[in-house]
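Q: Below is a structure I'd like to ask you about.
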Amino acid sequence: MNKNLFVSGHTACAGCGQSLAARLVIDASGPNTIVVNNTGCLEVFSTKYPESAWEVPFIHSLFENCAAVASGVESALKFMGKKDGINIIAQAGDGGTADIGLQALSGMLERGHDILYVCYDNEAYMNTGVQRSGLTPFDSNTTTSPSGKQSFGNLRPKKALPEIAVAHGIPYVATASVAFPQDIQRKVKKAFSIKGPKYMQIHVPCPLGWRHDSGLTLTVAKSAVETGLYPLFEYENGQLSAVRKLAQAKPVEEYLKMQGRFKHLTGAAEEIKKIQEIADNNVRKYGLRDQVSGN
Amino acid sequence: MKEFVEGSHAVAEVVRLCKPGVISAYPITPQTHIVEDLAQFVSDGKLAAQTVNVESEHSAASVVLGASATGVRSYTATSSQGLFYMFEVLFNIAGMRLPVVMTCAARAISAPINIWNDQQDAVSLRDSGWIQLHAEDIQEAVDLHLIAYKLAENKSIMLPVMVCMDGFILTHGIETVDIPEQTMVDNFLPPYIAPYKLDPAAPVTMGPLVDPEYYMETRYALQETQKKVLDMLPQITAEFAKTFGRKYNGLVEGYHLEGAEKVIVAIGSVCGTIKEVIDEARAKGKKIGLLKVSCLRPFPAQQIYDALKGASKVAVIDRALSLGSTAPLASEVKAAFFGKKKAPSVISSFVVGLGGRDITKDSIREVIKLLNGRERNGEFIDLKPELLKESYE
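Chains A and B are the protein sequences, given in the same order.
Okay, so the first sequence: first residue is 1 according to this note's numbering, each after it adds one.
Okay, so the second sequence: first residue is 296 according to this note's numbering, each after it adds one.
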């Protein structure tokens, strides 16, 4: 791109996966975009008055309503006859999407608004200090799902939010990872080539919350994909249309051992086996190893 | 044109004449007829708005927030629990200085669930930053919507306005109403041109994080603008009178205040009943008047002081509570006299008509009777003593 639409000077932490992904998304979308943002890290670190990192129109209202506010923006543009040529992005973190914002998201998807919803999934409420969300993975140690003598951390696996989006009968759903920037941008452009509601969920490591070195953000993100724990796929009109194939799914232990949030699993073979089963199931479910191509 | 119509239909008609571009609402009794009629207008091609049928009131308020921020005149309507579900969004709309107009079909609050009229819903939103106007009858409800958009979109105001009309009594009541002509409405209410909006041609950031260095000034600005409404609203109602021929003060309206020794202060449709009782009392030579409060926010304390300072006894009627404290309107009327030299000797507070309990002329006569005695603080009228004896064993 000739010009960044999400500019430097914001106050994101070193190694923040979300800030990188957000820049990739908006740059792929282009200057004729209106961004509607839920409350969360991204809004906080990019819009501290009197500064803003956004070179496109940007609005933040509340924690859970970006899908509804974006629906209003889209309806207003349609009323004025100005919708064509303007992209609308509603974006939020995993808590703002999978938990408190799920109702508004469902409404937006069901009503058929021409909006791309982007969930930046760093797998916990990072802005408030690493509390668990519906997208926190199994056995992750967060401040509200702490490991202890009687617990290995988060009790449940991630909510299947992409499938929930697919179940709304929308034309395009994709997962992505900040480790694969061109893939993110290709998917954003593809999403905007399709009319109607689109859902993208991008895996974005948070060095503070996941407790890994801030220089390892992309390495950790890549490992999540390569172990099968964060499968990259696309659904078009309800059908699984593409996946990022794995020549060989790496053992999950490689991914877990890089992060402090899983440190308590060291030596807990039974627990690691359960997480391996989650990865193996993803590999089977999405066909990550069928007819391996060079993708 | 004069029509014999239901209040909700009359309001839908006037909202159509205001030409909102985006309408979003969620069904709740007794607001539904308004948004059903608007949906029909859109389906019939009589209104060119986008209607967004949302999954909750929280989203209804959020949709009109987004639409208004994009520079389009927007409308929503709700009631009771729906208004409460909008609660945080409503503060947000006011803080973002978006001129949304809403109809609140005033209704009781759960628990216990009750779909009938009082004003607890609207009154509980008095700290939200919304301008809050209350209608006495259906004609006033119609006219207040025109006034509301004119006021909200004034460049020196830029605040949302809630037009409150008593649920069922006004939303489902039928009256002869003058529905204005489109050309007159267009003259009074030109198309909305937003001073700031979401537009890729001129990007702005709205709703930023504001830290202690800047936050207080934003709240001060809201407060100052609310004060400014006290001057602006009577100017707009004067302009309204010139165009449409119907006169409103906008803030407060007196009825037989001349020489009144006793004055009843009230909000909304109950004022019609009170006027009948006053007519009867005046015919018998009793010096009783009414002060109708049309604008609850901003609170017209000076106007209320001026209207009541000559009265010896004042009865304030509340149709809402501030549980654990003085009833809301009574509290604010009393505050208007604090430290003033002239003040009524008695300001008694009465709570009537909660959850749709009928307010009859006898209810008002009881208020007037009790005003002769000691000062009352939140005296409930029309309580059924037999229902108060139940207890848990």
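Where is the CB? At the ideal position from N, CA and C, for every residue including glycine.
The model shown is predicted, which means the values in this text are computed figures rather than measured ones.
1) 7 Å is my cut-off, CB to CB: does Asp339(B) come that close to chain A?
2) For the putative contact between Ser140(A) and Asn154(A), defined by C-beta atoms under 8 Å, what is the C-beta separation to the nearest angstrom?
3) Exposed or buried, Ser193(A), counting other C-beta atoms within 10 Å across all chains shown (16 or more means buried)?
4) Does Met381(B) have its Cβ less than 7 Å from a Cβ in chain A?
5) Using a Cβ-Cβ cut-off of 7 Å (strictly less than) and excluding sequence neighbours within five positions of Val7(A), which residues of its own chain qualify?
6) Have a look at Lys245(A) and Cys119(A) and give me their C-alpha separation to the nearest angstrom.
7) Could one say the Cβ of Pro57(A) lies closer than 7 Å to chain B's Cβ atoms, at least one of them?
8) Does DSSP put Asn544(B) in a helix, in a strand, or in coil?
9) Based on the DSSP secondary-structure assignment, which residues constitute the bridge partners of Gln427(B)?
10) So Gly107(A) contacts chain B; which residues on that side make the cut at Cβ distance below 8 Å?
11) With DSSP as the reference, label Gly549(B) as helix, strand or coil.
12) Along the beta strand (DSSP E) that carries Leu240(A), what are the first and last residues, could you check?
13) For the stretch 45-78 of chain A, which residues have a beta carbon sitting closer than 7 Å to at least one beta carbon of chain B?
14) What are the partner residues of Val306(B), as DSSP defines its beta bridges?
15) Who are the neighbours of Val310(B) on chain A, taking C-beta pairs under 7 Å?
16) Is it buried or exposed, Arg311(B), if we count other Cβ atoms within 10 angstroms and call 16 or more buried?
17) Going by Cα to Cα distance, which pick from Val36(A), Lys78(A) and Leu42(A) is closest to His60(A)?
18) Does Ile164(A) get closer than 7 Å to chain B when you measure Cβ to Cβ?
19) Alpha helix (DSSP H) containing Thr217(A): first to last residue?
20) Below 8 Å CB to CB, which residues in the same chain sit around Gly545(B) once its five sequence neighbours on both sides are set aside?
21) Within 7 Å (strictly less), CB to CB, does Ser423(B) reach chain A?
22) Using DSSP bridges, identify the partner residues of Val35(A).
23) Can you tell which of Ala596(B), Gly673(B) and Ala638(B) has its C-alpha closest to the C-alpha of Val611(B)?
24) Tell me whether the stretch 59-79 of chain A and the stretch 218-233 of chain A touch, counting them as touching only if at least three CB pairs, one residue from each stretch, are closer than 8 Å.
25) Are there three or more Cβ pairs, one per stretch, closer than 8 Å when the stretch 83-98 of chain A is compared with the stretch 109-123 of chain A?
26) Can the beta-carbon of Ala400(B) be found closer than 7 Å to that of Pro325(B)?
27) For Pro146(A), is the classification buried or exposed, using 16 other Cβ atoms within 10 angstroms of its Cβ as the cut-off for buried?
28) Starting from Phe336(B), follow the alpha helix (DSSP H) in both directions and report where the run begins and ends.
29) Measuring straight from C-alpha to C-alpha, what distance separates Glu534(B) and Ile404(B)?
30) Give a yes or no on whether 7 Å exceeds the smallest Cβ distance from Val396(B) to chain A.
31) With 16 other CB atoms within 10 Å as the buried threshold, where does Gly294(A) fall?
32) Going by C-alpha to C-alpha distance, which of Lys522(B), Arg592(B), Lys664(B) and His440(B) sits closest to Ala576(B)?
33) Spell out a yes or no on whether the stretch 576-585 of chain B and the stretch 545-556 of chain B are touching, meaning 3 or more CB-CB pairs, one atom from each, closer than 8 Å.
34) Mind pulling the chain B residues with CB within less than 7 Å of Ile34(A)?
35) Report yes if the C-beta distance between Ile318(B) and Leu360(B) is below 7 Å; otherwise report no.
36) Three Cβ pairs or more, each shorter than 8 Å: is that satisfied between the stretch 429-438 of chain B and the stretch 489-507 of chain B?
A: Judging by the given coordinates:
1) To locate residue 339(B), count along the second sequence from 1; it is residue 44. It does not: the Cβ of Asp339(B) has no partner Cβ on chain A nearer than 7 Å.
2) In the first sequence, the residue the question calls residue 140(A) occupies position 140. In the first sequence, the residue the question calls residue 154(A) occupies position 154. Yes, Ser140(A) and Asn154(A) are in contact; Cβ-Cβ is about 5 Å, under 8 Å.
3) For the purposes of this step, residue 193(A) is taken as the residue at position 193 of the first sequence. Ser193(A) should be labelled exposed.
4) In the second sequence, the residue the question calls residue 381(B) occupies position 86. It does not; no Cβ of chain A falls within 7 Å.
5) Sequence index remark: in the first sequence, residue 7(A) carries index 7 (1-based). For Val7(A), the CB contacts under 7 Å within the same chain, skipping 5 residues up- and downstream, are Ala53 and Glu55 in chain order.
6) Sequence index remark: in the first sequence, residue 245(A) carries index 245 (1-based). Sequence index remark: in the first sequence, residue 119(A) carries index 119 (1-based). Answer to the nearest angstrom: the Cα atoms are 22 Å apart.
7) Looking up residue 57(A) in the first sequence gives position 57. Pro57(A) belongs to the set of residues whose beta carbon lies under 7 Å from a beta carbon in chain B.
8) Residue mapping note: residue 544(B) aligns to position 249 of the second sequence, counting from 1. Secondary structure at Asn544(B): coil, using DSSP grouped into helix, strand and coil.
9) Locating residue 427(B) in the second sequence gives position 132, counting from the first residue. Per DSSP, the beta-bridge partners of Gln427(B) are Met457(B) and Arg592(B).
10) Translated into the one-based positions of the first sequence, residue 107(A) becomes position 107. Result: Val349, Glu350, Ser351 and Ser354.
11) Reading the second sequence from its first residue, position 254 is the one you call residue 549(B). Look at Gly549(B) here: in three-state DSSP terms it is strand.
12) Taking the first residue of the first sequence as position 1, residue 240(A) is located at position 240. Residues Gln239 to Val243.
13) For chain B, the residues of the stretch 45-78 of chain A that bring a beta carbon within less than 7 Å of one of its beta carbons are Thr47, Lys48, Tyr49, Ser52, Trp54, Glu55, Val56, Pro57, Phe58, Ile59, His60, Ser61, Leu62, Asn65, Ala68, Val69, Ala70, Ser71, Gly72, Val73, Ser75, Ala76, Leu77 and Lys78, in chain order.
14) The residue labelled residue 306(B) in the question sits at position 11 within the second sequence. According to DSSP, Val306(B) bridges with nothing at all.
15) Working through the second sequence from its first residue, we reach residue 310(B) at position 15. For Val310(B), there are no C-beta contacts with chain A under 7 Å, since the nearest C-beta of that chain is about 15 Å from it.
16) Sequence index remark: in the second sequence, residue 311(B) carries index 16 (1-based). Its Cβ being crowded by 16 or more others within 10 Å, Arg311(B) is buried.
17) One-based indexing of the first sequence puts residue 60(A) at position 60. Among Val36(A), Lys78(A) and Leu42(A), the Cα nearest to that of His60(A) belongs to Val36(A).
18) Looking up residue 164(A) in the first sequence gives position 164. Not one chain B Cβ lies under 7 Å of Ile164(A).
19) Translated into positions along the first sequence, residue 217(A) becomes position 217. Here the alpha helix (DSSP H) through Thr217(A) covers Thr217 to Glu226.
20) Taking the first residue of the second sequence as position 1, residue 545(B) is located at position 250. Leu428, Ile442, Leu528, Pro529, Ile531, Thr532, Ser589 and Cys590.
21) Position 128 of the second sequence, counted from the first residue, corresponds to residue 423(B). Taking Cβ atoms only, chain A never reaches closer than 7 Å to Ser423(B), which makes this a no.
22) One-based indexing of the first sequence puts residue 35(A) at position 35. In the DSSP output, where bridge partners are listed per residue, Val35(A) has Phe58(A) and Ile89(A).
23) To locate residue 611(B), count along the second sequence from 1; it is residue 316. Minimum Cα distance to Val611(B) is reached at Gly673(B).
24) With the cut-off at 8 Å, the stretch 59-79 of chain A and the stretch 218-233 of chain A do not touch.
25) Three or more Cβ pairs closer than 8 Å define a contact, and the stretch 83-98 of chain A meets that threshold against the stretch 109-123 of chain A.
26) Along the second sequence, one-based indexing puts residue 400(B) at 105. Along the second sequence, one-based indexing puts residue 325(B) at 30. Cβ atoms of Ala400(B) and Pro325(B): closer than 7 Å.
27) Position 146 of the first sequence, counted from the first residue, corresponds to residue 146(A). By the neighbour-count criterion, in which a residue is buried when 16 or more other Cβ atoms sit within 10 angstroms of its Cβ, Pro146(A) is exposed.
28) Locating residue 336(B) in the second sequence gives position 41, counting from the first residue. Annotation: the continuous alpha helix (DSSP H) that includes Phe336(B) extends over Thr327 to Ser338.
29) Numbered from 1 along the second sequence, position 239 holds the residue referred to as residue 534(B). Numbered from 1 along the second sequence, position 109 holds the residue referred to as residue 404(B). Cα to Cα, Glu534(B) sits roughly 36 Å from Ile404(B).
30) Your numbering for residue 396(B) matches position 101 in the second sequence. Cβ-Cβ to chain A under 7 Å: no for Val396(B).
31) Stepping through the first sequence from its first residue, residue 294(A) is reached at position 294. Residue confidence for Gly294(A) is low, a pLDDT of 45 falling below 50, so the modelled location carries little weight; the figure read from the coordinates is stated next. Exposed is the call here.
32) Residue mapping note: residue 576(B) aligns to position 281 of the second sequence, counting from 1. If we check each option's Cα against that of Ala576(B), Lys664(B) comes out closest.
33) Touching, per the Cβ criterion.
34) Taking the first sequence and counting its residues from 1, the one referred to as residue 34(A) is at position 34. Contact note: Ile34(A) reaches chain B through Leu493 and Pro495, using a C-beta cutoff of 7 Å and chain order.
35) The residue labelled residue 318(B) in the question sits at position 23 within the second sequence. The residue labelled residue 360(B) in the question sits at position 65 within the second sequence. For Ile318(B) and Leu360(B), no; Cβs fall outside 7 Å.
36) Cβ pair count under 8 Å is below three, so no.
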